[in-house]
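J.: Residue numbers (the UniProt record's numbering): 1 to 335.
Ideal placement from N, C-alpha and C gives every residue a C-beta, glycine not left out.
None of the values given here were measured: they were computed from a predicted structure.
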Amino acid sequence: MIRAAILGASGYVGGELMRLIAGHPAIKVGVAFGASSAGQPVSSVHPHLALAYASEHFARWDPKKLRGCDLILAALPHGETQRLADQLVAADLPIVDLGADFRLDSAEQFERWYGEPHARPDLLSTFVYGLPEFHREEIRGAARVAAPGCYPTAASLALRPLIEAGLVEPTGIIVDAASGVSGAGRGAGAGTHFCAVDGNFRAYGLLGHRHTAEMEMMTGASILFTPHLASLSRGILATCYAQARQPGDPLQVLRDAYANERFVHVGEMPPETKWAAGSNAAFLTARYDERTNRIISLAAIDNLGKGAAGQMIQCANLMLNLDEAAGLSTMGIYP
Ligand SMILES: NC(=O)C1=CN([C@@H]2O[C@H](COP(=O)(O)OP(=O)(O)OC[C@H]3O[C@@H](n4cnc5c(N)ncnc54)[C@H](OP(=O)(O)O)[C@@H]3O)[C@@H](O)[C@H]2O)C=CC1
Ligand SMILES: CC(=O)N[C@@H](CCC(=O)OP(=O)(O)O)C(=O)O
Numbered sequence: 001m002i003r004a005a006i007l008g009a010s011g012y013v014g015g016e017l018m019r020l021i022a023g024h025p026a027i028k029v030g031v032a033f034g035a036s037s038a039g040q041p042v043s044s045v046h047p048h049l050a051l052a053y054a055s056e057h058f059a060r061w062d063p064k065k066l067r068g069c070d071l072i073l074a075a076l077p078h079g080e081t082q083r084l085a086d087q088l089v090a091a092d093l094p095i096v097d098l099g100a101d102f103r104l105d106s107a108e109q110f111e112r113w114y115g116e117p118h119a120r121p122d123l124l125s126t127f128v129y130g131l132p133e134f135h136r137e138e139i140r141g142a143a144r145v146a147a148p149g150c151y152p153t154a155a156s157l158a159l160r161p162l163i164e165a166g167l168v169e170p171t172g173i174i175v176d177a178a179s180g181v182s183g184a185g186r187g188a189g190a191g192t193h194f195c196a197v198d199g200n201f202r203a204y205g206l207l208g209h210r211h212t213a214e215m216e217m218m219t220g221a222s223i224l225f226t227p228h229l230a231s232l233s234r235g236i237l238a239t240c241y242a243q244a245r246q247p248g249d250p251l252q253v254l255r256d257a258y259a260n261e262r263f264v265h266v267g268e269m270p271p272e273t274k275w276a277a278g279s280n281a282a283f284l285t286a287r288y289d290e291r292t293n294r295i296i297s298l299a300a301i302d303n304l305g306k307g308a309a310g311q312m313i314q315c316a317n318l319m320l321n322l323d324e325a326a327g328l329s330t331m332g333i334y335p
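Shown next, in the form of structure tokens:
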């Protein structure tokens, strides 16, 4: 078995990683690092994992504990992977990082969108962007992968084939996307407290959400992105609008683009977040509106699945030459 070291194991993504790994045929948890949770039983933070991890505890960070591990899965707050970079590089293990530290292709872009200088610009080019549907071959041979954020995964899957096919204008594309509250992590704040979310729906991050940069990097288009917070635990629904450039059926373009993809389903029905809940699946549809000459393209994913832990496992499977779908489900939990 491949032994994975999980950094940020006590977070929401870390918990989902541990859940997926418990059902993975070739990977097991070698060490599960926490920060404030170090020393606590896994089951005290993730009670739903109590049967799978009956006696495991979160470990305090110590690079020596990486010895005997074969893979690093990092789900840390932004900036933390940069901070640990020397120790992680010294460990010389394949790594999938879900933080934003190594996703963008330049230190300038990172500073512009994250408001701080990049601590390790020298390492940026050593990471491959981990969206397997577009970068499968680079990921297969990679030692370091930076997995995308949840909103960019949904928007890129919905838009990129349409842009590549020349069907839509690559300027002024609008992405409206709503996320479940787990997208904000485990630590509830004033904006993610039950009272702020229950029976509520709101936009945030107007004009400046950092995921705009990743979407633009992935599509080559200019994008106006507005995220919304929905009263859901899990799920992202991205609704994307673009000016049509030439005649063509966007649904057929998506169908052709993803015909061989095991985690992307393109269908007639407008996708729903619940279809993807708990899985690594993405559900897409698209239409051309003759009246406005616009194309609408939608994607639904689980932000913790294809938007985070599922995607990390999919990337790790590719890096380790395992079956790409090992340990991953294509089916949501419904109703
Ligand atoms: N939630 C989501 O849907 C998605 C999240 N991401 C990204 O994944 C990462 C993790 O997200 P998520 O699980 O939601 O976050 P959480 O806030 O739920 O978890 C954060 C984790 O990081 C640990 N941690 C906090 N501070 C430090 C530190 N200074 N050094 C080391 N470890 C630390 C926490 O440990 P402890 O609790 O023990 O203190 C916890 O295990 C973030 O970068 C996030 O932006 C990306 C895509 C989707
Ligand atoms: C609902 C919610 O708050 N979502 C987060 C995005 C999810 C995420 O953590 O993505 P990154 O890894 O790129 O930060 C946000 O808007 O900041």
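Can you tell which of Glu-169, Ala-277, Gly-278, Ala-282 has its C-alpha closest to the C-alpha of Leu-254?
T.: With distances taken between Cα atoms, Leu-254 lies closest to Ala-282.
J.: Whole-angstrom Cβ separation of Gly-130 and Val-89, contact assumed at under 8 Å?
T.: Wrong, their Cβ atoms sit about 18 Å apart, outside the cutoff.
J.: Look at the alpha carbon of residue 339 and the alpha carbon of Glu-214, and state the distance between them as a whole number of angstroms.
T.: Any answer about residue 339 is impossible in this case: the structure gives the chain only from 1 up to 335.
J.: Put Thr-126 into one of helix, strand or coil per three-state DSSP.
T.: Correct three-state label for Thr-126: helix.
J.: Expressed to the nearest angstrom, what Euclidean distance is found between the alpha-carbon atoms of Arg-151 and Glu-290?
T.: Correcting the residue identity first, residue 151 is Tyr in this sequence and not Arg. Approximately 28 Å between the Cα atoms of the pair.
J.: Could you give the DSSP three-state label for Leu-298: helix, strand or coil?
T.: Strand.
J.: Using only CA atoms, which one of Ala-277, Asp-70, Ser-37, Ile-301 lies nearest to Val-264?
T.: The option with the nearest alpha carbon to Val-264 is Ile-301.
J.: On the three-state DSSP scale, how would you describe Ser-231?
T.: Coil.
J.: Using only CA atoms, which one of Arg-3, Ala-326, Leu-320, Gly-332 lies nearest to Gly-141?
T.: Selected option, being the one with the closest Cα: Leu-320.
J.: Quick one: any contact between the segment 171-188 and the segment 212-230, if contact means 3 or more CB pairs under 8 Å?
T.: In short, these stretches touch, since the Cβ pair count reaches three.
J.: Please determine whether the Cβ atom of Cys-150 lies at a distance below 7 Å from any heavy atom of ligand 2.
T.: Flag set: Cβ of Cys-150 near ligand 2.
J.: Is it true that the CB of Leu-98 sits closer than 8 Å to the CB of Ala-59?
T.: For Ala-59 and Leu-98, no; Cβs fall outside 8 Å.
J.: For the beta strand (DSSP E) containing Phe-134, list its first residue and its last residue.
T.: Taken as a continuous stretch (DSSP letters only), Phe-134 belongs to no beta strand (DSSP E), being part of the alpha helix (DSSP H) at 132-140.
J.: Grab the span of the alpha helix (DSSP H) containing Ser-43 for me, first residue to last.
T.: Taken as a continuous stretch (DSSP letters only), the alpha helix (DSSP H) holding Ser-43 covers 42-45.
J.: How would you write the range of the beta strand (DSSP E) that Gln-314 sits in, first residue to last?
T.: Here Gln-314 belongs to no beta strand (DSSP E); instead the alpha helix (DSSP H) covers 310-319.
J.: Please determine, among Ile-6, His-78, Lys-28, Gly-79, the residue with the shortest C-alpha to C-alpha distance to Asp-62.
T.: Nearest C-alpha to Asp-62: Ile-6.
J.: Measure the beta-carbon distance from Leu-284 to Pro-271 and round it to whole angstroms, keeping in mind my assumption that it falls under 8 Å.
T.: Yes, they are in contact, since the Cβ atoms of Leu-284 and Pro-271 sit about 6 Å apart, within 8 Å.
J.: Pull up the distance between the alpha-carbon of Ala-276 and that of Gly-332, whole angstroms please.
T.: Whole-angstrom Cα-Cα distance: 4 Å.
J.: For Thr-219, which option in Thr-153, Leu-20, Leu-328 has the closest C-alpha, if you only look at C-alpha atoms?
T.: It is Thr-153 whose Cα lies nearest to the Cα of Thr-219.
J.: For ligand 2, I want to know if Leu-157 counts as a neighbour, meaning its beta carbon is within less than 7 Å of at least one of the ligand's heavy atoms.
T.: Outside the cutoff, so no.
J.: Could you tell me the boundaries of the alpha helix (DSSP H) in which Thr-212 lies?
T.: Here the alpha helix (DSSP H) through Thr-212 covers 211-219.
J.: Quick check on the DSSP output: the beta strand (DSSP E) that includes Gln-243 runs from which residue to which?
T.: Gln-243 -> beta strand (DSSP E) spans 236-243.
J.: Report the partner residues of Ile-27 according to the DSSP bridge assignment.
T.: Note: Ile-27 sits in a beta bridge opposite Ile-2.
J.: Just to check my reading of the structure: Pro-148 and Gln-311 have Cβ atoms closer than 8 Å, yes? What is that Cβ distance to the nearest angstrom?
T.: Between Gln-311 and Pro-148 the Cβ distance is about 7 Å, and since that is below 8 Å, they are a contact.
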